[in-house]
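According to this note's numbering, numbering within the sequence shown proceeds without interruption in unit steps and concludes at 215.
This report concerns only the one structure given below.
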Amino acid sequence: MSQSRQLAAIMFTDIVGYTAMMQEHEQSAVAITKRYVSVLKQQVPSHGGEILNDYGDGSLCTFPSATEAIRCAVQIQQQLRGVPKVPLRIGLHIGEIFFEDGKIFGDGVNVASRIQTIGVANSILFSSEIGSKLGNQPEFSMSSLGRFQFKNVSAPIEVFALT
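If you want it as structure tokens, here you go:
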């Protein structure tokens, strides 16, 4: 089993309420998903990122730069405000990841996933590790939401919201 490790900015996305949408009106849910996937496939590569897993109503993407990951998240959210509007939440973290047998692993992946789950529709949330890389970028404004103890994560993580 060969293993490849790297440091990455990790982005998780999720369409809020997708299961309920699908139960209410399948065609609308499918249209929302198609729009989301189209924007994701356009924006992630244009910011130097890679879509590693696509879950239909969510994704796992990595970037070599925290700044580009946030810029991508902003562009995605801005584009998804159109019709049909996609209620997406995004969570980001920096961590070491590794690939084994074509799959991605690492504590950073788990943390980014947990951060995403506390978001609301149209939010961009990120760890203090991402926040520390944005300090000298005046285009971004952030607000601390506090420290959160996530399931199966040993220490509390300070989470920020892009404002």
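Note that CB positions come from ideal geometry on N, CA and C, so glycine has one too.
Just so we're clear, the structure is a prediction, and the values are computed from it rather than from any experiment.
Nearest neighbour of residue i, chosen from the options [CA to CA]
i      : options                        : result
Val82  : Ser206, Ser184, Leu144, Pro136 : Pro136
Thr119 : Ala164, His145, Phe150, Gln201 : His145
Glu102 : Arg87, Tyr88, Thr85, Ala121    : Ala121
Asn105 : His99, Glu181, Val89           : Val89
Ser173 : Lys155, Pro97, Thr65, Leu197   : Correcting the residue type first, residue 173 is Ala in the shown sequence and not Ser. Nearest C-alpha to Ala173: Thr65.
6 Å CB neighbourhood of residue i in its chain, flanking five on each side removed
i      : result
Gly187 : none
Phe202 : Arg166
Ile176 : Ala125, Ile142, Leu214
Simplified DSSP assignment, three categories, for residue i
i      : result
Leu132 : coil
Gly160 : helix
Lys137 : coil
Gly154 : coil
Distance cut-off 7 Å: residue i Cβ against heavy atoms of the ligand SAM
i      : result
Ala118 : This structure simply doesn't include the ligand SAM, nor any ligand for that matter.
Close Cβ partners of residue i (< 8 Å) along its chain, the five nearest in sequence each way excluded
i      : result
Gln55  : Phe150, Phe151, Glu152
Ser195 : Phe212, Ala213, Thr215
Cutoff 7 Å; reference residue i; Cβ partners in own chain excluding five residues on either side
i      : result
Arg199 : Pro208, Ile209, Glu210
Sequence ranges, beta strand (DSSP E) only - wholly within the segment 164 to 213, length at least 3 = Taking only runs of at least 3 residues, the beta strand (DSSP E) segments lying wholly in the segment 164 to 213 are 176 to 179, 194 to 200.
Taking contact to mean at least 3 C-beta pairs separated by less than 8 Å, is the segment 59 to 76 in contact with the segment 109 to 116?
-> The segment 59 to 76 and the segment 109 to 116 touch, with no fewer than 3 CB-CB distances between them shorter than 8 Å.
State whether the segment 150 to 162 contacts the segment 190 to 197, with contact taken as three or more CB pairs (one from each stretch) at a distance under 8 Å.
-> Between the segment 150 to 162 and the segment 190 to 197, the count of C-beta pairs closer than 8 Å stays below three; the two stretches do not touch.
What are the start and end residues of each continuous beta strand (DSSP E) run of 3 or more residues lying completely inside the segment 59 to 130, in chain order?
-> Annotation note: the segment 59 to 130 contains the following uninterrupted beta strand (DSSP E) runs of length 3 or greater, listed N- to C-terminal: 102 to 106, 110 to 115.
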